[in-house]
Amino acid sequence: MGGSNAKMDVYQRNATGWHPVAVGIPAFIGAAGMAPETHDGQMKTPMGVFTLDFAFGTAPNPGGGLPYVQVGPNHWWDGDMKSPTYNTMQVCEKSQCPFNTDPASGTENLDIPQYVHAVVMGVNKARIPGNGGAFFLHATDGGPTAGCVAIDDAKLVEIMRWLQPGALIAISK
1341 MGGSNAKMDV
1351 YQRNATGWHP
1361 VAVGIPAFIG
1371 AAGMAPETHD
1381 GQMKTPMGVF
1391 TLDFAFGTAP
1401 NPGGGLPYVQ
1411 VGPNHWWDGD
1421 MKSPTYNTMQ
1431 VCEKSQCPFN
1441 TDPASGTENL
1451 DIPQYVHAVV
1461 MGVNKARIPG
1471 NGGAFFLHAT
1481 DGGPTAGCVA
1491 IDDAKLVEIM
1501 RWLQPGALIA
1511 ISK
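Numbers 1341 to 1513, taken from the numbering used here, label the letters of the sequence shown in order.
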């Protein structure tokens, strides 16, 4: 399922069911589109329903109900498939990290403009090496992603402000 342009709809559930909050939000997904299953290096956005566990960003916490980590140059998302902390956020100086920090390993430094604000998608929570990691809802740079979902930062902040624990993201055609 190719193509990296997408639309995002946001719904909130109450006692009477699901209600749209925002529809048709322009979004970018993986450069190679979507897939029912993902693997490291595939450049596809995973399809399915995933938890939104916590948020992070280089900017201060914009508010909202999810835990938030303000990141800097020593914050990493471990993509090293040989590491026991694969597919988790880690904090260490580059020279002291116990995992491979080379971008070719899949590890990402989180101190980048697209991560001014981001929400972690609970993809591969079992942290099985090779089954993909570092999937986020984050600010767009105007182009396709490596597998994340990217939207305008102002809209992302608006969404982050009302997200609560238990929030989900559903990705489908």
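The beta-carbon is built from N, C-alpha and C at its ideal position, and this holds for glycine as well.
Cβ-based burial, residue i [other Cβ within 10 Å; buried from 16]
| i | result |
| --- | --- |
| Gln1352 | exposed |
| Pro1360 | exposed |
| Ser1423 | buried |
| Pro1484 | buried |
Straight-line gap, residue i to residue j (C-alpha atoms, nearest Å)
| i | j | result |
| --- | --- | --- |
| Leu1496 | Gln1430 | 23 Å |
| Met1373 | Ala1444 | It is Gly, not Met, that sits at residue 1373 in the sequence shown. C-alpha separation (whole angstroms): 21 Å. |
| Trp1416 | Trp1358 | 36 Å |
| Asn1414 | Thr1356 | 45 Å |
| Gln1410 | Asn1401 | 7 Å |
| Phe1439 | Asp1492 | 32 Å |
| Pro1450 | Arg1467 | The amino acid at residue 1450 is misidentified as Pro; the sequence shows Leu. Roughly 19 Å separates the two Cα atoms. |
| Glu1448 | Gln1504 | 26 Å |
| Met1421 | Pro1469 | 5 Å |
| Ala1395 | Phe1475 | 12 Å |
| Gly1381 | Ala1458 | 20 Å |
| Tyr1426 | Thr1441 | 12 Å |
| Lys1347 | Ile1365 | 5 Å |
Candidates the options, of which the one nearest residue i by Cα
| i | options | result |
| --- | --- | --- |
| Val1363 | Ala1371, Glu1433, Val1350, Ile1511 | Val1350 |
| Lys1384 | Lys1434, His1457, Asn1471 | Asn1471 |
| Ala1371 | Thr1447, Asn1345, Ala1395, Leu1392 | Asn1345 |
| Gly1404 | Ala1507, Ile1511, Met1461 | Ala1507 |
| Pro1453 | Lys1465, Gly1397, Asp1418 | Gly1397 |
| Lys1465 | Thr1428, Asp1380, Gly1419, Thr1480 | Thr1428 |
| Ala1367 | Thr1441, Ser1512, Ala1490 | Ala1490 |
| Phe1390 | Met1461, Pro1376, Ser1435, Cys1488 | Met1461 |
For residue i, three-class secondary structure by DSSP
| i | result |
| --- | --- |
| Met1429 | strand |
| Ala1494 | helix |
| Ile1509 | strand |
| Ile1499 | helix |
| Lys1434 | helix |
| Pro1386 | strand |
| Ala1466 | coil |
| Gln1504 | coil |
| Pro1443 | helix |
| Pro1424 | coil |
| Pro1453 | helix |
| Ile1365 | strand |
Contacting residues, own chain, Cβ-Cβ under 6 Å from residue i (five flanking each side not counted)
| i | result |
| --- | --- |
| Pro1386 | Thr1378, Val1463 |
| Glu1433 | Asn1414 |
| Tyr1408 | Ala1395, Asn1401 |
| His1478 | Gln1454, Tyr1455, Ala1458, Cys1488, Ala1490 |
Nonlocal neighbours in the same chain, by C-beta distance under 7 Å from residue i, ignoring five residues either side
| i | result |
| --- | --- |
| Ile1499 | Val1350 |
Cutoff 8 Å; reference residue i; Cβ partners in own chain excluding five residues on either side
| i | result |
| --- | --- |
| Trp1502 | Gln1352, Val1361, Gly1404, Gly1405 |
| Asn1481 | Note on residue identity: the sequence assigns Asp, not Asn, to residue 1481. Contacts found: Pro1453, Gln1454, Ala1490. |
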